[in-house]
Amino acid sequence: MQQKTLVAFLKDLAETKHRSAKTIEAYRHDLSNWLTFLNTQQDKFPSSPKNDPLYLRMYLQQRMSDGVSNRSIARFLSALSGYQRFLQRHGGKDELFKLPRIKYTSKLPTFVPQGEASRLFEHGNTREDKQTYSYWRDYLMVALLYVTGLRREELAGLRVSDIDLHRGLATVIGKGNKERIVPVGEATLEDLKRFLEVRRLHTAATESGSPHLFLNKKGEPLTVRSVDRLVKAFGKGEGLEFTPHTLRHSFATHLLENGADLLLIKEILGHSSLSTTQKYTHVTSEVMKKAYHSAHPRSGSRK
337 MQQKTLVAFL KDLAETKHRS AKTIEAYRHD LSNWLTFLNT QQDKFPSSPK
387 NDPLYLRMYL QQRMSDGVSN RSIARFLSAL SGYQRFLQRH GGKDELFKLP
437 RIKYTSKLPT FVPQGEASRL FEHGNTREDK QTYSYWRDYL MVALLYVTGL
487 RREELAGLRV SDIDLHRGLA TVIGKGNKER IVPVGEATLE DLKRFLEVRR
537 LHTAATESGS PHLFLNKKGE PLTVRSVDRL VKAFGKGEGL EFTPHTLRHS
587 FATHLLENGA DLLLIKEILG HSSLSTTQKY THVTSEVMKK AYHSAHPRSG
637 SRK
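Position one of the sequence shown corresponds to residue 337 (this note's numbering), numbered consecutively onward.
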């Protein structure tokens, strides 16, 4: 019965809440483990209430003993909270648990310094593949991630028709199938025009009719995993270590460092809450503190 309810809950997340496949899979994993544990305990102690608080405490203690981070436990409790609200709407009140609050320390986002990011787009490297489709594809993926702050799945989903070269805008479908418009810088637009010509030759050679902007060597749309792999490889080829998410963080951090409004950054990134965007203020604060300690004679640091 519980498994059927879980399936119905996950279906509701997909069809009504429009949650991403990644989120749904994480919820499925977390809640399946919990329900397996709960069923085992309820079978052992059939006379106890189905929502005996001891069951949840035991499960959380077991997860902590297994070395699971507070962040992962907080994610599980968030999934369980949503699942219990679904249960409540469908008459499962006798299986509801009082959920504790778990605090966790959020890591500050990592980013590429502005100087190193600028060097990426100067075309000053000596790579032998600079005239190939794969070079321009990977270069443009890195460029768009950095100048628009797109998520990797949003980049993978981009279509040629989503790019407005005349207005310098890109239409993006983000989390929850929400559409937003993001600006694209003039320098990147010029690179995009060159890439589109290289892409046209590639689609002709592969007889591809795909509308997606970024394609593999067969002319098929890139998967999210491929985007991740290719972006990392391009960075290493330039002597840098970064991921698509690092470039998203770099985009937001550099905007904030150069005086952009936090609300503007929130809208471009597609954050649903300003509190999510505010983490970048901590990043810039840390950068300022490091600069102060390294440069000011009365900072207290030893040189």
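Note that beta-carbon positions come from the ideal geometry of N, C-alpha and C, so glycine has one too.
Computed from a prediction, not measured in an experiment: that's the story for all the values here.
Counting the other Cβ atoms within 10 Å of the Cβ of residue 580 gives 16 or more, which makes it buried. One thing to note: residue 387 has its Cβ within 7 Å of the Cβ of residue 431. Taking 8 Å as the upper bound for CB-CB distance, residue 413 and residue 435 are in contact here, some 5 Å apart. In the DSSP annotation of this structure, the continuous segment of the beta strand (DSSP E) that includes residue 507 starts and ends at 505-509. The beta carbons of residue 475 and residue 587 sit about 16 Å from each other, so the pair does not count as a contact at 8 Å. A straight line joining the alpha-carbon of residue 449 with that of residue 601 spans about 18 Å.
Contact check for residue 496 and residue 547: beta-carbon distance about 6 Å, within the 8 Å limit, so the pair qualifies.
Secondary structure of residue 456 (DSSP, three-state): helix. Across the set 517, 554 and 577, the C-alpha of 577 shows the shortest separation from the C-alpha of residue 564.
Taking one beta carbon from each stretch, the region 532-547 and the region 482-494 have fewer than 3 pairs nearer than 8 Å; the two do not touch. Residue 524 and residue 561 have their C-alpha atoms spaced approximately 24 Å apart.
The C-alpha of residue 549 lies about 21 Å from the C-alpha of residue 356.
The alpha helix (DSSP H) runs lying completely inside the region 572-619 and spanning 4 residues or more are 580-593, 598-605 and 610-613, given in chain order. The beta carbon of residue 530 sits closer than 8 Å to the beta carbons of 472 from its chain, once the five residues preceding and following it are set aside; these are given in chain order.
If you keep only unbroken beta strand (DSSP E) runs of at least 3 residues inside the region 490-542, you get 505-509 and 515-519. When Cβ pairs closer than 8 Å are counted between the two stretches, the region 365-379 is seen to touch the region 413-428, the count reaching three or more.
For residue 551, the beta-bridge partners assigned by DSSP are 557. Annotated three-state conformation of residue 423 is helix, per DSSP. In the three-state scheme derived from DSSP, where H, G and I count as helix and E and B as strand, residue 355 is classed as coil.
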